[in-house]
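Let me begin by presenting the structure, written as structure tokens, before commenting on it.
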Amino acid sequence: MRRGRFTGYWLMLPAGLWLALFFVIPFYSLLATSLFDPEGSVLTGYDVDYHFANFVDALQQFWEPLVRSLWYAAVATAICLVLGYVLAYAIALKAGKWRTLLLVLVIAPFFTSFLVRTLSWKLILADDGFVVDTLQFLQLLGDDGRLLATPVAVIAGLVYNFLPFMVLPLYASLEKIDGRLIEAAGDLYASPTRGFLKVTLPLSKPGVVAGTLLTFIPAAGDYINAALLGSPNQRMVGNVIQNLFTSTGDYAAAGALSVILMAIIVAMVMVYIRTAGTEELV
Amino acid sequence: MSLAADGAAHRASDRLQGEGRSLRLTALTKEFATFTAVRSLDLEIPAGTFFALLGPSGCGKTTTLRMVAGLDTPTSGTIHLGADEITYEKPYRRPVNTVFQNYALFPHLDIHENVAFGLRRRKVKDVDKQVQEMLALVELEAQARKKPPQMSGGQQQRVALARALINRPEVLLLDEPLGALDLKLRRGMQIELKRIQTEVGLTFVHVTHDQEEAMTMADTIAVMNSGVIEQMGSPAELYENPRTTFVANFLGQSNLIAGAVSSTDGDVVRVDMHGTQVSILADRAHVRSGDGWVGIRPEKVLVEPLGEPLDAPGNHLTGGVITDVSFVGVSTQYLVMMPWGQELMSFEQNTGRRPVLATGTKVDVSWRPEFAFLLPASQDVNAGVVEES
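Protein chains in written order, with this note's numbering: chain A, 46 to 327; chain B, 13 to 401.
And the structure:
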């Protein structure tokens, strides 16, 4: 039987439909919203009048939470990378028969809702909670010092919530490394530290790239942690967008800000992937 | 190879020449939770030799190698290099390098950097020049910037060798380095390895289960079985005068025939073998009284049709019948059923002196007394028999 010229395209149809339904249409809708006439309201209705000034207005008004979001996400990603690498390394290379159990424990938090877990952190970090009490006792925190409503609490929440997204790809790439390569490094005069830096770390790079992307991208757009653990001084761009959409009803500004955030993240990811090299990722 | 590359290769081999020290293992033992891999091993490997540890899988040869490399810690016993004890020295502080079984090349580094790895860790000067010379020695200068996965098995093997050799180790350990190559490439690499070893004069300790590989390359072979060394010596010595049934069967093939010592007369031991008196030289008789196994290599066994004169005067057996003939081009392999119900193997060169004998031919069998050996009857006649696969 002769294979039709279009067989390949037919096979792409399910993926194409899926993309259209869940990416192209919502993205188009968001883009259209970002170009609404800002004079519109729920009562008078909205028109797409290619009002590009929305982007400039949004940036002028909200650059602060935007920069803060990227900054918080970057700090949280860096902390996740350090903690997650140690954890993934221990599970992949040192845990032996406990490996599966430890992996389940990494995923275990997902069995409870994101919101509930973040709320419980609110209790843990509360002003009269034991964490603040202990830090005050150790003089690490002033007598009227607090954790809630500080950047520390928001970043800690981000780290907590996104750590598994760092650990799992790191684990996957560390677990794949052939132990004989590490032995070979030792045989070739590399101390355990040099062997780690010259062999294990470079070979785990695909996991580092995947883990940092999976952590940074959702962290930059997160609003739950800032809403529950922070104050208006810690509000992130996600909080602003949520507020504009649900309270103020300023759809045009919310849409413009969303598109800006997306564009910034895509640009950063592209630069990152170019420099980190991802031939192993694709 | 170009003249320039030839020069570089020579510089590499000159650079490698050095005063080595002998490697000495004393009462070396390695116990794992459920079994003893190496049992009180004593071994001295003189500097500059090509030494093979030969044995079936699970005999402890790789564990021995790993203990010398520092990758496994002995349960007891010591390892000395010259006068220095290195039993518990960290692997990265030992002047010993390994060519790993699956090469263990670093996939994220190109060939040049793989070979440079050991020198860079030791902060040696003019690394690039040395690497180029070393790559010339293994004839891979043109591939320096390729990554290991882009290379063939034989090329990867040479990179692994270069990566270890460039460090001028006092002892180079080779863990079944040719195991992953196909037969033809393996033969080529055997000759290559031997050439490089002769050129650089370093001590090579080669672990293998392939007896032909060990015999082709090694100056000295130690045959290992169940954690102990059965016999050690030059390939010819082991082949011609095995001391145990394991060595007789594992290193090549042997006919082992039950017999009983009837008399000892100076240099000759007389054995009654199913009614026939055969004589064995005293230095090849590893039992002097009682029962034993008379051993004879198949290519030493001559067959002639009944009544034809036998080429080798000496031990002479009659009443054989050919039960199987395998013509393999260069030689013919016969199985001869003897009157006592045992099939003897005989390998005959196809010189064309007479036609190949047919199955069912009645034959006489003989061998020269100086080729036979005698082993204790207490040893398992099937020890070390390599299963045909």
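Backbone N, C-alpha and C fix where the C-beta goes; we use that ideal spot for every residue, glycine too.
Practice task
Examine the Cβ distances between the region 201–210 of chain A and the region 263–272 of chain A and report whether three or more of them are shorter than 8 Å.
Solution key: yes
Practice task
Using three-state DSSP, classify residue 401 of chain B as helix, strand or coil.
Solution key: Since pLDDT at residue 401 of chain B reaches only 44, below the 50 mark, its modelled position is unreliable, and the value read off the structure follows with that caveat. Three-state result, residue 401 of chain B: coil.
Exercise for the section: Pull up the distance between the alpha-carbon of residue 71 of chain B and that of residue 364 of chain B, whole angstroms please. Expected result: Straight-line Cα distance between these residues: approximately 42 Å.
Problem - Sheet register partners of residue 175 of chain B (DSSP bridge) - result: Bridge partners of residue 175 of chain B: none, in fact.
Problem - Three-state secondary structure assigned by DSSP to residue 181 of chain B - result: If DSSP states are grouped into helix, strand and coil, residue 181 of chain B belongs with coil.
Exercise for the section: Output, in chain order, the set of chain A residues within a Cβ distance shorter than 8 Å of residue 344 of chain B. Expected result: Near residue 344 of chain B there are no residues of chain A at all, since even the closest Cβ is about 44 Å away, more than 8 Å.
Exercise for the section: Kindly identify the DSSP beta-bridge partner or partners of residue 361 of chain B. Expected result: B:343
Handout entry: Between the CA atoms of residue 285 of chain B and residue 357 of chain B - distance to the nearest angstrom
Key = Here the alpha carbon of residue 357 of chain B sits roughly 17 Å from the alpha carbon of residue 285 of chain B.
Problem - Contact between the region 153–161 of chain B and the region 279–298 of chain A (3+ Cβ pairs under 8 Å) - result: no
Exercise for the section: Answer with buried or exposed for residue 1 of chain B, where buried requires no fewer than 16 other C-beta atoms within 10 angstroms of its C-beta. Expected result: Residue 1 of chain B is absent from the model: chain B starts at 13 and stops at 401.
Problem - Neighbourhood of residue 128 of chain B by C-beta distance below 7 Å, restricted to the same chain and skipping five residues each side - result: 139 and 143
Practice task
Could you round the C-beta distance between residue 89 of chain B and residue 38 of chain B to whole angstroms and report it? I think they count as a contact, below 8 Å.
Solution key: Sure, about 6 Å apart at Cβ, within 8 Å.
Exercise for the section: Find out if the Cβ-Cβ distance for the pair residue 223 of chain B, residue 65 of chain B is shorter than 9 Å. Expected result: no
Problem - Contact with chain A by residue 118 of chain B, beta-carbon distance below 9 Å - result: Residue contact with chain A for residue 118 of chain B: present (Cβ-Cβ distance below 9 Å to some residue of chain A).
Practice task
With 9 Å as the C-beta to C-beta threshold (strictly closer), list the residues of the region 238–255 of chain A near chain B in chain order.
Solution key: Cβ contacts with chain B come from 239, 240, 243, 244, 247, 248 and 250.
Exercise for the section: Mind listing the chain B neighbours of residue 61 of chain A? Cutoff is C-beta to C-beta under 9 Å, in chain order. Expected result: In chain order: nothing, as chain B lies at least about 34 Å away.
Practice task
Measure the Cβ-Cβ separation of residue 197 of chain B and residue 165 of chain B and say whether it is below 9 Å.
Solution key: Yes.
Exercise for the section: Just the chain A side, please: which residues come within less than 7 Å of residue 104 of chain B by C-beta, in chain order? Expected result: 231, 234, 235 and 236
Exercise for the section: Give the DSSP-derived three-state secondary structure of residue 7 of chain B in the structure shown. Expected result: Since the first residue of chain B shown is 13 and the last is 401, residue 7 of chain B is not available in this structure.
Practice task
Give the DSSP bridge partners of residue 281 of chain B, in chain order.
Solution key: B:276 and B:292
Exercise for the section: Using three-state DSSP, classify residue 265 of chain B as helix, strand or coil. Expected result: If DSSP states are grouped into helix, strand and coil, residue 265 of chain B belongs with coil.
Problem - Buried/exposed call for residue 70 of chain A, threshold 16 Cβ in 10 Å - result: Within a 10 Å sphere around the beta-carbon of residue 70 of chain A sit fewer than 16 other beta-carbons, which makes this residue exposed.
Practice task
Assuming residue 209 of chain A contacts residue 277 of chain A (C-beta within less than 8 Å), just tell me the rounded distance between them.
Solution key: Taking a contact as a CB-CB distance under 8 Å, the pair residue 209 of chain A and residue 277 of chain A does not count as one, their CB atoms being some 29 Å apart.
Exercise for the section: Leaving aside the five residues before and after residue 131 of chain B along the sequence, list all residues of the same chain whose C-beta is less than 8 Å from its C-beta, in chain order. Expected result: Short of 8 Å from the beta carbon of residue 131 of chain B, and not among the five residues preceding or following it, lie these beta carbons of its own chain, in chain order: 139, 142, 143, 178 and 179.
Handout entry: For residue 215 of chain B, the nearest candidate out of B:57, B:136 and B:99 (CA to CA)
Key = Of the candidates B:57, B:136 and B:99, the residue whose Cα lies closest to the Cα of residue 215 of chain B is B:57.
Practice task
Would you grab the beta carbon distance between residue 78 of chain A and residue 317 of chain A for me? Rounded to a whole angstrom, and I think it's under 8 Å.
Solution key: Cβ-Cβ separation between residue 78 of chain A and residue 317 of chain A: approximately 28 Å, too far for a contact (criterion under 8 Å).
Practice task
Assign residue 81 of chain B to one of two classes, buried (16 or more other C-beta atoms within 10 Å of its C-beta) or exposed (fewer than that).
Solution key: buried
Exercise for the section: Give the straight-line distance between the Cα atoms of residue 105 of chain B and residue 239 of chain A, rounded to the nearest whole angstrom. Expected result: 13 Å
Exercise for the section: For residue 225 of chain A, return the contacting residues in chain B, with the cut-off set at a CB-CB distance below 7 Å. Expected result: 112, 114 and 116
Problem - Where residue 83 of chain B meets chain A, residues with beta-carbon distance less than 9 Å - result: 228, 231 and 232
Practice task
Answer with yes or no whether the minimum CB distance from residue 13 of chain B to chain A is below 9 Å.
Solution key: Low local confidence applies: a pLDDT of 39 at residue 13 of chain B is under 50, so the model's placement there is unreliable, with the coordinate-based value given in what follows. No, residue 13 of chain B lies away from the interface with chain A (no Cβ there is under 9 Å from its Cβ).
Practice task
Compare the C-beta of residue 339 of chain B with all C-beta atoms of chain A and state if any pair is closer than 9 Å.
Solution key: no
Problem - 3-residue-minimum beta strand (DSSP E) runs that sit fully inside the region 67–149 of chain B, ordered along the chain - result: 88–93 and 108–111
Exercise for the section: Take the Cβ of residue 188 of chain B as the centre, count every other Cβ of all protein chains shown within 10 Å, and call the residue buried at 16 or more, exposed below. Expected result: buried
Practice task
Compare the Cα-Cα distances from residue 413 of chain B to each of B:244, B:237, B:383 and B:312 and report the closest residue.
Solution key: Residue 413 of chain B is absent from the model: chain B starts at 13 and stops at 401.
Practice task
Going by DSSP, name the residue or residues bridged to residue 270 of chain B.
Solution key: B:305
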